[in-house]
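These notes concern the structure reproduced below.
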Amino acid sequence: MAGNDGRGKKRIKLRSGGSHEGLASFLMLLPAIIFLIVCSIYPFIWIFRYICYNYNGFTATYTGAANFERMLSDKTFWMSVVHTFEYAFYKLLFIIPLALIIAVILHTRIMGSNVFRGVYFMPTVISSSIAGMIFTFIFATKNGILNSVLQSLHIVSSPIPWLTGTNVVMAAVTILAIWGGFGNYMLYFTSGMDSISNDVYESAKIDGANGVQTFFYVTLPMLSPVLKVVLMLAITGAFKDYEAIMVLSDGGPGNRSMVMFLYIYRMIFGSATSTAAVQIGYGALLSVVAAIIVGIVTAIYLFISRKLDDVV
Amino acid sequence: MEGHAVVSTKGKIINTIVWILLLFLAVLTIFPVLYVVFGSFKENAELLVGGSNIFPKKWIIDNYISAWNQANFAVYTKNSIFLALGVMIVSLVNASMAGYVFSRSKFKVKELVYSLFVMFMFINVGSVSLRPMYELAIKLHLNTSLLAVVLISAGGGQATYIFLSRGFVNSIPKELDEAAKIDGCTFFQTFYMVILPLLKPVMGTIALLSFRQGWNEYILPLVFTMTNDAKRPLTVGVNMLKNAGDGTAAWNIMFAGATIAIIPMLVIYCIFSRNFMSGMTSGAVKG
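Sequences listed follow chains A and B, in order. Using the working numbering, read the first sequence as starting at 1 and increasing by one per residue. Using the working numbering, read the second sequence as starting at 313 and increasing by one per residue.
As C-alpha cells, this is what we get:
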C-alpha cells in the first residue's frame, strides 16, 4: 500500500512537472518568439501591404499596378540588378580561389601559419561601414595613398579616379570586398580541411603524390561538400552586400556601382543628403523582386551543384 | 641521396617564395588599418596633400582632442558602448534560454517556432524591413532612445546565436537533466543551476560575436538616428562627417574617428582571435 501511494504521488508530481515545463518553456522562449514576430514576420507581411501603394512615409494612396509598370521601365533598377551580378561575379572570382589557396597553404603548417590566419581574418571584425570609409581615403584621386604609391612606382603616369571613374569604380568596390571577406571564407575552408583525416594525406604521400596532385586529387574532392556550402553562402552574401558600397561610392559615379539593395535602400530611406525622394511602396515591390532574384540564383546554383554531383 | 637533396633545396626555395607571398598578402591586409591609425596622428595639411608616406612627418594628437571635444565623439563612443553591450546582454539571455528550450523541452509549440526560424533565415528582404520597425518604434515612442536599436539588432541576429547555443546544449548529456529532476529541480531550475554553468564556452563565443555585431552595426542606427545626432554610435557619427558638405576638409577628424571606431574591436580580436575564428565557423558551416 505504502509503495503504491508513493508511486501515485510520483506520477502526479511528474504530470504537474509536465505542465510546468510547458509554461516554463513558453516563457523562456517568449523573447525569441517576440523577436521573430517583430523583426521577421511583421516586416515581411508589412511589405506586401504597400506593394500597390504610393507611400512617402506620411500618406499612402492606392495606385494599382502603377508601381509594377514603373518597375518594368525603370532602367536604373535593372542596371542595378546587372551591377549586382557583376559585383557578385568579380567578388567570387577572386575571393573563393584566393581563400581556398591560402587555406591549403596554411594547412601545411608553414612557419607562422597561425599568425597569418589571424591577420587574414582581422578585417572581418571591422565594421564594413568604417572599412568603406578607410578605403575612400585610400582610393581618393588627388591625395589618396594608392595613387601616390602607384605613381611613385611609375606604374601609372596620372592618378586613377578610382571612385569617380565609371570604368574603374567596380574594381575599387571589388578590392574592398576581397579585403573584407577573404579571411572569412579562408576560415570556412580551414575548418573543412581540419575534418579531413590525416590518413588520407599520408596514403597520398606514400603513393608519391606531390603538393599539386594532393590538392587536386585529395583535398578538393574531400572538400567538395564544404565548398558547396561556402559557395552558396558566398553567392547569397555577395547579392546582399551594400553597406560598404554605400559608404565607399554611394552607388556613383552616375549609378555605375549602384547595386540592387542600395537602390532599394534609397527608395525607402532616401539618399545620404536628402529624404525627399522616399517612395516606400515602390521600394517594397523592388524588395520582393530582389528577394525573388536571390532565390532564383540560389535555386539555379543548387540545381547545378547537384547535377555536377551526378557527373563527378 | 643527391636527388633527394635537390628536391629538398627546390622545396625550400618554393617554401620561401610561398612564405614571401603570404607575408606580402598579410602586409596588404593590415595596411589599411595601419594607414588610418598612423594617419590619425598627421596634421590635416599633410593628409590633404597626400603622398606615399604612412608615418606622420610630425606626430600630433590634436585630431583626437578636437574629435572628442568639437565633433561629439565622446557621445558617439558612449553610444557605441551602450549599443554593443546591450546587444551582447540581450543576445546572451535570449540565446541561452531559447537554445535550452529547443534542445530539451517537450513543449509542442517549439516545433512550429523552430520551423519558422529556419524559414525566415532564408527569407531576406534587406533594408525594407527596417521601415516597419522604425514606424513601430515611433508609435511606441522608442525612436528617440538606442534601446530600440539594441532590441532590433539582437532580434535580427538571434538565429545564429540560438543555433550555436542549441548545438551546445545538445552535446550535454541528458543524464544531468534527469539527475537534477530527481533532485527536485523544475525545468527552469535545471536550466539555471545545471545547464547554464556548463554553457560558458558557447556563451563566450556568443558574447564576442554579438558584441562585434552591436559595435559594427551601421544601417540600423543610421536609420534610427537620421535626425538625432546625440544618439549616433561611432560608425554613423564618423560617416556623417564624410557626408557633411565640408567633408573633404575634415580628414584629420575622420581619421581619428575611424581609429576610435576600430581600435577597441581590434584589441578584443587580438586577445580572443581563436574564439572569434572558432565561433565564426561553427556558427556558419555547422549551424
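Glycine residues also receive a C-beta, built at the ideal position from the N, C-alpha and C atoms.
Proximity of residue i and residue j at Cβ, strictly below 8 angstroms
i: A:M79; j: A:L286; result: no
i: A:G181; j: A:I95; result: yes
i: B:V437; j: A:I268; result: no
i: B:I507; j: B:Y412; result: yes
i: A:V168; j: A:G192; result: no
i: A:P159; j: A:T141; result: yes
i: A:T166; j: A:G251; result: no
i: B:M566; j: A:M246; result: no
i: B:R478; j: B:S415; result: yes
i: A:Y265; j: A:Y242; result: yes
i: B:D541; j: B:N384; result: yes
i: B:L578; j: A:N143; result: no
i: A:I105; j: B:A573; result: no
i: A:Y313; j: A:Y42; result: What the structure shows of chain A is the stretch from 1 to 312, and residue 313 of chain A is not part of that stretch, so it cannot be assessed.
i: B:A331; j: A:I110; result: Per the sequence shown, residue 331 of chain B should be read as Trp rather than Ala. Against a cut-off of 8 angstroms, the Cβ pair of A:I110 and B:W331 comes out as a contact.
i: A:F216; j: A:A103; result: no
i: A:A290; j: A:F261; result: yes
i: A:L187; j: B:T593; result: yes
i: A:L92; j: A:I235; result: yes
i: A:R84; j: A:F303; result: Strictly speaking, residue 84 of chain A in this sequence is Thr, with Arg absent from that position. For A:T84 and A:F303, no; Cβs fall outside 8 angstroms.
i: B:V601; j: B:L463; result: As displayed, chain B neither begins before 313 nor continues past 599, which places residue 601 of chain B out of reach and without an answer.
i: B:R524; j: B:P533; result: no
i: A:G211; j: A:Y120; result: no
i: A:T76; j: A:Y263; result: yes
i: B:G362; j: A:I145; result: yes
i: A:G149; j: B:Y581; result: A small fix is needed here, since residue 149 of chain A is Val in this sequence, not Gly. No; because the gap between Cβ atoms is not below 8 angstroms, this pair is not in contact.
i: A:P31; j: B:N327; result: no
i: B:T341; j: A:W179; result: yes
i: A:Y185; j: A:A88; result: no
Given residue i as reference, the closest of the options once Cα atoms are compared
i: A:S128; options: B:V548, B:M589 and B:K543; result: B:V548
i: B:A410; options: B:N587, B:M566 and B:M515; result: B:M515
i: A:G237; options: A:L150, A:I196, A:G270 and A:T298; result: A:T298
i: B:N568; options: A:S40, A:Y282, A:F137 and A:F77; result: For the record, residue 568 of chain B in the displayed sequence is Ala; it is not Asn. Comparing Cα-Cα distances from B:A568 to each of A:S40, A:Y282, A:F137 and A:F77, the minimum goes to A:F137.
i: A:F116; options: B:G591, B:M592 and B:R586; result: B:R586
i: B:I377; options: B:L397, B:L359 and B:S352; result: B:S352
i: B:L604; options: B:N551, B:L546 and B:L404; result: In the structure as shown, chain B begins at 313 and stops at 599. Residue 604 of chain B is therefore absent and cannot be evaluated.
i: B:P509; options: B:R443, B:I372, B:V481 and B:A570; result: B:V481
i: B:S465; options: A:T63, A:S224, A:F35 and A:F215; result: A:F35
i: B:E355; options: B:T456, B:S408, B:I342 and B:W371; result: B:W371
i: B:F394; options: B:S522, B:V430 and B:A570; result: B:S522
i: B:N429; options: A:L302, A:C39 and A:A66; result: The amino acid occupying residue 429 of chain B in the given sequence is Phe; Asn does not appear at that position. The shortest C-alpha separation from B:F429 is found at A:C39.
i: A:F58; options: A:A65, A:G64 and A:Y50; result: A:Y50
i: A:F44; options: B:Y530, B:M505 and B:I435; result: B:I435
i: A:A244; options: A:M170, A:V149, A:S113 and A:S157; result: A:M170
i: A:M28; options: B:L546, B:M538, B:F499 and B:P545; result: B:F499
i: B:P344; options: A:V82, A:G270 and A:P123; result: A:P123
i: A:E86; options: A:G112, A:L233, A:R306 and A:A177; result: A:A177
i: A:N56; options: A:D74, A:L223, A:D309 and A:A284; result: A:A284
i: B:L334; options: A:Y90, A:G64, A:E69 and A:N114; result: A:N114
i: B:W527; options: B:Q382, B:L346 and B:V399; result: B:V399
i: B:M505; options: B:S408, B:I518, B:N375 and B:D374; result: B:S408
i: A:V259; options: A:S203, A:V81, A:G112 and A:E202; result: A:V81
Identified DSSP bridge partners for residue i
i: A:T61; result: A:N54
Using a Cβ cut-off of 7 angstroms, which residues of the segment 233–249 of chain A contact any Cβ in chain B, in chain order? L233, K240, E243 and V247
Closer than 9 angstroms, Cβ to any Cβ of chain A: which residues of the segment 533–545 of chain B, in chain order? L534, V535 and M538
Flag this pair as touching only if the segment 441–448 of chain B and the segment 483–503 of chain B have three or more C-beta atom pairs under 8 angstroms; answer yes or no. no
Selection of the segment 373–401 of chain B by Cβ proximity to chain A, strictly under 8 angstroms: none
With 7 angstroms as the C-beta to C-beta threshold (strictly closer), list the residues of the segment 19–40 of chain A near chain B in chain order. H20, E21, G22, A24, S25, F26, M28, L29, P31, A32, I33, F35, L36, V38, C39 and S40
Given 8 angstroms as the limit, is there contact between the segment 22–40 of chain A and the segment 490–497 of chain B, that is, 3 or more CB pairs closer than that? no
Anything in the segment 39–56 of chain A with a Cβ closer than 8 angstroms to a Cβ of chain B? List those residues in chain order, please. C39, S40, I41, Y42, P43, F44, W46 and I47
Check each residue of the segment 172–206 of chain A: if its Cβ is closer than 8 angstroms to any Cβ of chain E, include it; give the result in chain order. The structure shown contains no chain E; its protein chains are A and B.
Pull out every residue of the segment 282–295 of chain A whose Cβ sits closer than 9 angstroms to any Cβ of chain B, in chain order. G283, A284, L286, S287, V288, A290, A291, V294 and G295
Between the segment 437–457 of chain B and chain A, which residues of the former have CB atoms less than 9 angstroms from a CB of the latter, in chain order? V437, G438, S439, V440, S441, L442, R443, P444, M445, Y446, E447 and L448
At a Cβ cut of 7 angstroms, what residues of the segment 144–156 of chain A count as close to chain B, listed as they run along the chain? G144, I145, S148, V149 and S152
Could you name the residues of the segment 95–126 of chain A whose beta carbon sits closer than 7 angstroms to any beta carbon of chain B, in the order they occur along the chain? I105, I110, M111, F116, G118, V119, Y120, F121, M122, P123, V125 and I126
Positions along the segment 318–332 of chain B whose CB lies within less than 8 angstroms of some CB in chain A: N327, V330 and W331
Please list the residues of the segment 495–524 of chain B that have a C-beta atom closer than 8 angstroms to any C-beta atom in chain A, keeping them in chain order. T498, F499, F500, F503 and R524
Check each residue of the segment 128–140 of chain A: if its Cβ is closer than 9 angstroms to any Cβ of chain B, include it; give the result in chain order. S128, S129, I130, A131, G132, M133, I134, F135, T136, F137, I138 and A140
Within 7 angstroms of chain B by C-beta, residues of the segment 256–272 of chain A in sequence order: F261, I264, Y265, I268, F269 and A272
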